[in-house]
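Asker:
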Amino acid sequence: PETARLIAAGEVVSRPLDVVRELLDNALDAGASRIEVEVEGGGLALVRVRDNGGGIPAPEVALAPRRHATSKLESVDRVTTLGFRGEALWAAAQAGHLRLITRPPDQVGATLLSAHGDEVQTSRVSAPAGTSVSVSDLFAHLPARLRTQQPAAAELREITALLTRYVLHWPDLHWKLSVDGEVRLLHAPADHRGAVASVYGPLNANRVLPVQAEGLGGVLSRPELTRPRRDRMHFAVNGRPVIAPPELEKAVIEGYAELLPAGQAPLCVLNLTLPPEDVNPNVHPAKAVVALADLGGLCARLTAAVRAALSAHPL
Ligand code: ADP
Ligand code: MG
């Protein structure tokens, strides 16, 4: 049972990047307007995410690291939050050492929770409103898992890229990323163009156009700012940065028609808002790939919106 549990936990948290994603999702679900991420040792030594969101009321804190404990899910067919399985904190406590300090704004004292495996301790402390969650010494007691980790530098690149995507898709928040004590990314609330400036620099930001349509918002680059790779095409579905189905990328590129040289791709940040029942985030453990109903109709709307944005802002 011990082994089975560790394997199950390893499917939720298999690497530091998973911890970062899960903690970010929790902070966003908590309605935070300020999110700070600290990473040490490529994320294996420490991942800490602080938010100023709603916090967890004292009587409920001890439940948070229990398996399948979630305060969110109303129905599996209608997921309106980023988290819903109630497994992330549980898995983090199995795979490493979880520490959580949390206080709802209207509660006087904060709660400190420390969890390692199924050992959970809580105490009262004082802390600002919101939640700070840290996961340290990930896989320290799981040598087999530790051996399969990629080098810290490579993991860090992916963590930074993930954070970058959250900034692009959630530009109206305060964001901060520190790596081994050094600030790597800072963003103050802005629109999508401002987020492009924070991530890709002001030059790129000056060359993006707003795109707006029913259920769709974001920016895309003027045709001269294209590249042969699609690594700057970013899609989020109901706030979740996703690996877009290739059809969505194609639909955007199609909107440029002959404005885009063959084989080139634009920079774009597109937030899609779809009815929750049309989105199935359950096809992938990290929810990075989602299944969308009526992909064809969505693609047609996307192409039309891109075309409209480009003709509204002629060169
Ligand atoms: P899920 O997000 O799927 O509900 P998690 O294991 O990630 O499961 O979190 C368990 C519960 O702990 C959440 O449902 C939520 O009630 C609470 N929680 C976790 N992180 C935070 C946070 N940053 N702010 C407020 N509540 C949180
Ligand atoms: Mg969660």
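The opening position of the sequence shown corresponds to residue 9 in full-length UniProt numbering, with each subsequent residue numbered one higher. Even glycine gets a Cβ: it sits at the ideal position worked out from N, Cα and C. Values in this document were obtained by computation on a predicted structure and should not be read as measured data.
1) Relative to the ligand ADP, is the shortest distance from any of its heavy atoms to the C-beta of SER22 smaller than 7 Å?
2) Determine the DSSP secondary structure at ALA203, reduced to helix, strand or coil.
3) For the 8 Å Cβ check, are there 3 or more pairs between the region 164 to 181 and the region 63 to 79?
4) Let's test the definition: count the other Cβ atoms within 10 Å of the Cβ of THR110 and tell me whether it reaches 16, buried, or not, exposed.
5) Buried or exposed: where does GLY138 fall if 16 or more other Cβ atoms within 10 Å of its Cβ makes it buried?
6) Excluding the 5 residues flanking ALA313 on each side, which residues of the same chain have their C-beta closer than 8 Å to its C-beta?
7) For VAL227, name the three-state secondary structure that DSSP assigns.
8) Round the Cβ separation of ARG235 and SER142 to the nearest angstrom and send it over; I've been treating them as touching at under 8 Å.
9) Is there a Cβ of chain B sitting closer than 8 Å to that of GLY305, yes or no?
10) Starting from GLU44, trace the beta strand (DSSP E) both ways and give me its first and last residue.
11) Buried or exposed for ARG237, please, with buried defined as at least 16 other CB atoms from any protein chain shown within 10 angstroms of its CB.
12) Who are the Cβ neighbours of VAL291 in its own chain at under 7 Å, not counting the five residues just before and after it?
13) Roughly how many whole angstroms lie between the Cα atoms of HIS195 and ARG201?
14) Output the distance between the C-alpha atoms of LEU278 and PHE243, rounded to the nearest integer angstrom.
15) The ligand MG: which residues have Cβ under 6 Å from any of its heavy atoms, chain order?
16) Considering only heavy atoms of the ligand ADP, does any lie closer than 7 Å to the CB of ILE64?
17) From the DSSP output, in three-state form, read off TRP98 for me.
18) Could you compute how far the alpha carbon of PRO112 sits from the alpha carbon of ILE64?
19) Could you tell me whether any non-hydrogen atom of the ligand ADP is closer than 7 Å to the CB of ALA72?
20) List the residues that DSSP assigns as beta-bridge partners of ASN279.
21) Do LEU318 and LEU275 have their beta-carbon atoms positioned less than 8 Å apart in this structure?
22) Pick out the complete alpha helix (DSSP H) segments inside the region 136 to 181, 4 residues or longer, and give them in chain order.
23) Tell me the rounded alpha-carbon separation between LEU25 and LEU90.
24) Would you check if the region 174 to 187 and the region 203 to 216 touch, i.e. whether three or more CB-CB distances between them fall below 8 Å?
25) Smallest Cα separation from SER124: which of VAL47, ALA103, ARG248, ILE43?
26) Work out the CA separation of THR281 and GLN272 for me, nearest whole Å.
Answerer: Short version:
1) Indexing the sequence shown from 1 puts residue 22 at position 14. No, the beta carbon of SER22 sits no closer than 7 Å to any heavy atom of the ligand ADP.
2) Position 195 of the sequence shown holds residue 203. The answer is helix: DSSP assigns ALA203 an H, G or I state.
3) no
4) Counted from its first residue, the sequence shown places residue 110 at position 102. Per the 10 Å Cβ criterion, buried.
5) In the sequence shown, residue 138 corresponds to position 130, counting from 1. Counting Cβ neighbours within 10 Å, GLY138 comes out buried, since at least 16 surround it.
6) As a position in the sequence shown, residue 313 is number 305, starting the count at 1. Closer than 8 Å at Cβ, skipping near neighbours: VAL219, GLN220, ALA221, LEU224, GLY263.
7) On the sequence shown, position 219 is the one that residue 227 refers to. DSSP places VAL227 in strand when its eight states are reduced to three.
8) On the sequence shown, position 227 is the one that residue 235 refers to. On the sequence shown, position 134 is the one that residue 142 refers to. No, ARG235 and SER142 are not in contact; Cβ-Cβ is about 37 Å, not under 8 Å.
9) Of the chains in the structure shown, none is chain B; there is only one protein chain.
10) Taking the first residue of the sequence shown as 1, we reach residue 44 at position 36. From DSSP, the beta strand (DSSP E) with GLU44 extends over 42 to 48.
11) Along the sequence shown, read from residue 1 onward, the residue named residue 237 stands at position 229. Looking at its Cβ environment, which holds fewer than 16 other Cβ atoms inside 10 Å, ARG237 is exposed.
12) Taking the sequence shown and counting its residues from 1, the one referred to as residue 291 is at position 283. Closer than 7 Å at the Cβ level, and outside the excluded window around VAL291, lie VAL297, VAL298, ALA299.
13) Taking the sequence shown and counting its residues from 1, the one referred to as residue 195 is at position 187. Taking the sequence shown and counting its residues from 1, the one referred to as residue 201 is at position 193. Spanning the two alpha carbons is a distance of roughly 12 Å.
14) As a first step, residue 278 is located in the sequence shown; it is residue number 270 there, counting from the start. As a first step, residue 243 is located in the sequence shown; it is residue number 235 there, counting from the start. In a straight line, the C-alpha of LEU278 is about 5 Å away from that of PHE243.
15) GLU30, ASP33, ASN34, GLY91, ALA96
16) Stepping through the sequence shown from its first residue, residue 64 is reached at position 56. Yes, the ligand ADP has a heavy atom inside 7 Å of this Cβ.
17) Here residue 98 refers to the residue found at position 90 when the sequence shown is read from its first residue. Helix at TRP98.
18) Residue numbering aside, residue 112 sits at position 104 when the sequence shown is read from its first letter. Residue numbering aside, residue 64 sits at position 56 when the sequence shown is read from its first letter. When rounded, the distance between both Cα atoms is 6 Å.
19) Within the sequence shown, numbered from 1, the residue matching residue 72 stands at position 64. Yes.
20) Taking the first residue of the sequence shown as position 1, residue 279 is located at position 271. DSSP lists GLY225, ALA244 as partners of ASN279.
21) Position 267 of the sequence shown holds residue 275. Position 310 of the sequence shown holds residue 318. Cβ distance not < 8 Å, so LEU275 and LEU318 don't count as in contact.
22) 151 to 155, 160 to 177
23) Mapped onto the sequence shown, residue 25 falls at position 17. Mapped onto the sequence shown, residue 90 falls at position 82. One C-alpha to the other measures close to 16 Å.
24) yes
25) Position 116 of the sequence shown, counted from the first residue, corresponds to residue 124. In the sequence as displayed, the identity of residue 124 is His instead of Ser. Checked all of VAL47, ALA103, ARG248, ILE43; the closest Cα to HIS124 is ALA103.
26) On the sequence shown, residue 272 is found 264 positions in, with the first residue counted as 1. On the sequence shown, residue 281 is found 273 positions in, with the first residue counted as 1. Approximately 26 Å, taken between the alpha carbons.
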